[in-house]
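Presented below is the structure to which this report refers.
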């Protein structure tokens, strides 16, 4: 019989947390690819504006809701549109980073899955600016939309001709929305709270923000959703194999992967 002081063998389904330094480098690389990768596809202003007219006309043909209606709901008083601009400028990166950090610390297997999905979606999204450069609706006079960031602030972009830190003609797909949707999906999959569907508020608010501030078309979010769906179909979340004894809530048994080295 094994003594109490003898260390227990690792569960067959135990999951080791990935090395921290390696993950920091991988996640930093993901963010840098997102930030600077699109700059390689700059210099297609005329084509991007032409494609913008095509997208705008296609949305009207498909009878999608008008972006003008969303923006009109934000503009009166200026407070809502300023909040929307602030959300656009400040929530995107920190929310995604916090999501990855939490998964790394609490759900290492789900962290690896989520990081892979985000990497695939980001890599795929970098292809479109080369093949289909697209000006955002705020640059298209025919839309009648206001560049809310420039008028009400805060803005994350400078004048396109002098903005060397981003490619403003890479509106499709919207990684703002794609990443936000992955944050919600990842937290719903990785947690067991009855309230976890509320995480969908993050992509819902993000969608209204990117459309209402005239930074993206509806189709930018639709294409991002399709890319994320394809990535999720290819990269499956981990199976929960180790059941935590004695932990059940309202008929649900908490099944969480055991973590190698936990409690040491």
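Residue numbers (the numbering used here): 1234 to 1497. A virtual CB, placed ideally from N, CA and C, is assigned to each residue, including glycine. Fair warning: this is a prediction, and the values are worked out from it, not measured in the lab.
- Return the CA-CA distance between residue 1355 and residue 1436, expressed in angstroms with no decimal places. Start at 1 with the first residue of the chain shown, and residue 1355 comes out as number 122. Start at 1 with the first residue of the chain shown, and residue 1436 comes out as number 203. Approximately 17 Å between the Cα atoms of the pair.
- Item | Span of the alpha helix (DSSP H), counted from its first residue to its last, around residue 1428 | The residue given as residue 1428 occupies position 195 in the chain shown. Run containing residue 1428: none; DSSP gives neither H nor E here.
- Whole-angstrom distance between residue 1316 and residue 1310, CA atom to CA atom: Locating residue 1310 in the chain shown gives position 77, counting from the first residue. Locating residue 1316 in the chain shown gives position 83, counting from the first residue. Going by the C-alpha atoms only, they are around 12 Å apart.
- Query: Ends of the alpha helix (DSSP H) at residue 1355?
  - Reply: By 1-based counting over the chain shown, the position of residue 1355 is 122. From DSSP, the alpha helix (DSSP H) with residue 1355 extends over 1341-1358.
- Beta-carbon proximity of residue 1439 to residue 1303, cut-off 9 Å: Sequence index remark: in the chain shown, residue 1439 carries index 206 (1-based). Sequence index remark: in the chain shown, residue 1303 carries index 70 (1-based). No; because the gap between Cβ atoms is not below 9 Å, this pair is not in contact.
- Reduced DSSP category for residue 1466 - H, G, I as helix; E, B as strand; rest coil: Position 233 of the chain shown, counted from the start, is the residue given in the question as residue 1466. DSSP places residue 1466 in helix when its eight states are reduced to three.
- Message: Looking at residue 1387: is its Cβ nearer than 9 Å to the Cβ of residue 1319?
- Response: Along the chain shown, one-based indexing puts residue 1387 at 154. Along the chain shown, one-based indexing puts residue 1319 at 86. Yes, the pair counts as a contact, with Cβ atoms nearer than the cut-off.
- Message: Just to confirm before moving on: does the CB-CB distance between residue 1415 and residue 1452 stay below 9 Å?
- Response: What you label residue 1415 is simply residue 182 of the chain shown in a count that begins at 1. What you label residue 1452 is simply residue 219 of the chain shown in a count that begins at 1. Result no, Cβ atoms of residue 1415 and residue 1452 do not sit closer than 9 Å.
- Check whether residue 1264 and residue 1332 have beta carbons under 9 Å apart: Sequence index remark: in the chain shown, residue 1264 carries index 31 (1-based). Sequence index remark: in the chain shown, residue 1332 carries index 99 (1-based). No, the Cβ-Cβ distance between residue 1264 and residue 1332 is not below 9 Å.
- Query: Secondary structure at residue 1403, three-state DSSP: helix, strand or coil?
  - Reply: Position 170 of the chain shown, counting from 1, holds the residue named residue 1403. Three-state result, residue 1403: strand.
- Task: Starting from residue 1445, follow the alpha helix (DSSP H) in both directions and report where the run begins and ends.
- Result: One-based indexing of the chain shown puts residue 1445 at position 212. Note, residue 1445: alpha helix (DSSP H), 1434-1445.
- Query: Touch check for the segment 1371-1390 and the segment 1441-1460: three-plus C-beta pairs under 8 Å?
  - Reply: yes
- Alpha-carbon spacing of residue 1340 relative to residue 1360, whole angstroms: Here residue 1340 refers to the residue found at position 107 of the chain shown. Here residue 1360 refers to the residue found at position 127 of the chain shown. Going from the Cα of residue 1340 to the Cα of residue 1360 covers about 31 Å.
- Which of helix, strand or coil does DSSP assign to residue 1338? In the chain shown, the residue the question calls residue 1338 occupies position 105. Note: residue 1338 maps to helix in three-state DSSP.
- Item | residue 1343 burial status per 10 Å Cβ neighbour count (16 or more: buried) | Translated into positions along the chain shown, residue 1343 becomes position 110. Flag for residue 1343 reads buried.
- Message: Excluding the 5 residues flanking residue 1349 on each side, which residues of the same chain have their C-beta closer than 7 Å to its C-beta?
- Response: Within the chain shown, the letter at position 116 stands for residue 1349. So the qualifying residues of the chain are 1468.
- Taking just the CA atoms, how far does residue 1472 sit from residue 1396? One-based indexing of the chain shown puts residue 1396 at position 163. One-based indexing of the chain shown puts residue 1472 at position 239. Caution is warranted here: a pLDDT of 48 is assigned to residue 1396, below 50, making its placement in the model unreliable, and no coordinate value can be reported.
- Given residue 1258 as reference, the closest of 1308, 1352, 1421 and 1455 once Cα atoms are compared: Taking the chain shown and counting its residues from 1, one reaches residue 1258 at position 25. Considering only 1308, 1352, 1421 and 1455, the residue with the shortest C-alpha distance to residue 1258 is 1352.
- Task: Check whether the Cβ atoms of residue 1389 and residue 1454 lie closer than 9 Å to each other.
- Result: Sequence index remark: in the chain shown, residue 1389 carries index 156 (1-based). Sequence index remark: in the chain shown, residue 1454 carries index 221 (1-based). Their beta carbons are not under 9 Å apart, which means residue 1389 does not touch residue 1454 by this criterion.
- Query: Does the separation of the CB atoms of residue 1428 and residue 1375 fall below 9 Å?
  - Reply: Here residue 1428 corresponds to residue number 195 of the chain shown, with the count starting at 1. Here residue 1375 corresponds to residue number 142 of the chain shown, with the count starting at 1. No; because the gap between Cβ atoms is not below 9 Å, this pair is not in contact.
- Got a sec, what are the start and stop residues for the alpha helix (DSSP H) residue 1302 sits in? Here residue 1302 is taken as the residue at index 69 of the chain shown, counted from 1. Segment 1300-1307, the alpha helix (DSSP H) holding residue 1302.
- Kindly give me the distance between the Cβ atoms of residue 1408 and residue 1281, rounded to whole angstroms, as I take these residues to be in contact under 8 Å. As a first step, residue 1408 must be located in the chain shown, where it is residue number 175. As a first step, residue 1281 must be located in the chain shown, where it is residue number 48. Going by Cβ atoms, the distance from residue 1408 to residue 1281 rounds to 17 Å, so no, they are not a contact pair.
- Under 9 Å between C-beta atoms of residue 1413 and residue 1328: By 1-based counting over the chain shown, the position of residue 1413 is 180. By 1-based counting over the chain shown, the position of residue 1328 is 95. Taking a C-beta distance under 9 Å as the contact criterion, residue 1413 and residue 1328 qualify as a contact pair.
- With distances taken between CB atoms, is the gap from residue 1457 to residue 1419 smaller than 9 Å? Position 224 of the chain shown holds residue 1457. Position 186 of the chain shown holds residue 1419. No, the Cβ-Cβ distance between residue 1457 and residue 1419 is not below 9 Å.
- Message: Looking only at its chain, what residues have a beta carbon closer than 7 Å to the beta carbon of residue 1345, apart from the 5 residues adjacent to it on each side?
- Response: As a working note, residue 1345 is residue 112 in the chain shown. Counting only Cβ-Cβ distances below 7 Å, and skipping sequence neighbours, we find 1251.
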